[in-house]
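In our numbering, the protein residues as written are 702 to 1030. All C-beta atoms, glycine included, are put in the ideal place defined by N, C-alpha and C. Quick notes on the structure that follows.
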Amino acid sequence: MTRRRRALITGITGQDGSYLCEHLLARDYEVHGTVRPGRDPSTSALGPLLRAGEPGLRVHAVDLTDGDGLTQLVETTAPHEVYNLASLSHVGTSFAEPVHSGEVTGLGVVRLLDAIMRTDPSIRFCQAGSSEMFGAHPPPQSERTPFHPRSPYAAAKVYGHWTTVNYREAYGLHASNGILFAHESPRRGPAFVTRKITTAIPRVLNGEQRRLKLGNLNISRDWGHARDYVEALHRLLSHPEPLDVAIGTGESHTLEEFLDAAFSHVGLDWHDHVEIDPRLYRPADIPAVRCDATMAREVLGWTPRTSFAQLVEEMVRADLATPASRRAR
Ligand SMILES: NC(=O)c1ccc[n+]([C@@H]2O[C@H](COP(=O)([O-])OP(=O)(O)OC[C@H]3O[C@@H](n4cnc5c(N)ncnc54)[C@H](OP(=O)(O)O)[C@@H]3O)[C@@H](O)[C@H]2O)c1
């Protein structure tokens, strides 16, 4: 490989990891990514690139709980840039696995930063933070909003955020936090509510599923497209100064509005197909989220390209086009 810059992406098999990989390869990067030991990356969104034998891409089996493995990985790949996208990213699951969530999503960050600091402190680092860190603070939320995490996931992300700030201040690392608001795509994991909705639509149309069980429909979220958000992370890491920046669209929609947009795309009324299941309510939820993305716009020159309507349509179309045998369950 004789490419200009080298990037290491943890969680490269995930939604954002796969889009970021494509984004960087298109910019002539050599891309290295971690996959969890024992996982087959060819079944992930990275599959098409791996099957095509993309020469600029290498995957490495390393878990974020393995400090020695991460240090060895940073040493051998000698990246210019590290993007930490790996986490147990489902908030609901973090209530069921709070300790593991802290191990991966929280302590994983310090393992990686320590590996960078000891190997080569000139490596730039970007941490994928989350708007979940703001908890119940009313919208709009920005990088200046105080944190009040309302889940094990969010608490672990707050630890990762402050650890990133700490390595910047204590050791002078170019370490930045992208505080990401919710972002979706056809590659979103099937356990997430937006994807649960869009994967249900072909099943409802085919008579395979009558009802879709959902929790609280009154929550509102700032939903963008993952492809746009990885561009923001690349801009953040390429900025001369390390920064903490909130990344979102500045627009919020309720889950009912998402349902409306998705079901009306195929001429259905969601009220006929959705059942509220109180067991799907979270122990502590966040009512409303909307980003004040002034800093992302003014400092990074970033604005999202995909509208809410385009995002929902792309997700519904992709799930309609997926053969029943390959549809996520
Ligand atoms: N998408 C959003 O709306 C959003 C919003 C705010 C913040 N974020 C954060 O942004 C990052 C990317 O999000 P995403 O939507 O791309 O998440 P995702 O699709 O769930 O991807 C997470 C990645 O982390 C990997 N991973 C999980 N546990 C690991 C471990 N112990 N060691 C190594 N890798 C591990 C997963 O591997 P497997 O595929 O093997 O599970 C997967 O590749 C995450 O840190 C997430 O918390 C996302």
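query	result
Every unbroken beta strand (DSSP E) inside the region 779-827 [3 residues or more]	782-785
Beta-carbon gap between Thr900 and Asp978 smaller than 7 Å	no
3-residue-minimum beta strand (DSSP E) runs that sit fully inside the region 859-918, ordered along the chain	876-881, 913-915
Alpha-carbon to alpha-carbon, Thr1023 and Leu938	35 Å
Coarse secondary structure for Val763, derived from DSSP in three states	coil
Beta carbon of Leu913 nearer than 7 Å to that of His974	yes
N-terminal and C-terminal residue of the alpha helix (DSSP H) that Glu1014 is part of	1009-1022
Proximity below 7 Å, CB of Arg819 to CB of Gly768	no
beta-carbon Tyr784 near ligand 2 non-hydrogen atom, thresh 6 Å	Of the ligands this structure carries, namely ligand 1, none is ligand 2.
Straight-line gap, Ser852 to Glu833 (C-alpha atoms, nearest Å)	8 Å
Between the CA atoms of Glu755 and Ile898 - distance to the nearest angstrom	33 Å
For Leu709, the three-state DSSP class (helix, strand or coil)	strand
Ser802 beta carbon less than 7 Å from that of Tyr872	no
Contacts around Glu958, its chain only, beta-carbon distance under 6 Å, and the 5 residues preceding and following it disregarded	none
Leu786 beta carbon less than 7 Å from that of Gly861	no
Among Gly739, Tyr868, Leu771, Thr744, nearest to His733 - alpha-carbon criterion	Leu771
Check: Gly890 C-beta below 6 Å from any heavy atom of ligand 1	yes
heavy atom of ligand 1 below 6 Å from His884 C-beta	yes
Sub-7 Å separation of Tyr930 and His884 beta-carbons	yes
Proximity below 7 Å, CB of His892 to CB of His791	Looking at the sequence shown, residue 892 is not His but Ala. Cβ atoms of Ala892 and His791: closer than 7 Å.
Beta carbon of Arg888 nearer than 7 Å to that of Ala746	yes
Same chain, Cβ closer than 7 Å to Tyr868, neighbours up to 5 away in sequence not counted	Leu814, Met818, Leu874, Ala876
Under the three-state DSSP convention, the category Gly718 falls into	helix
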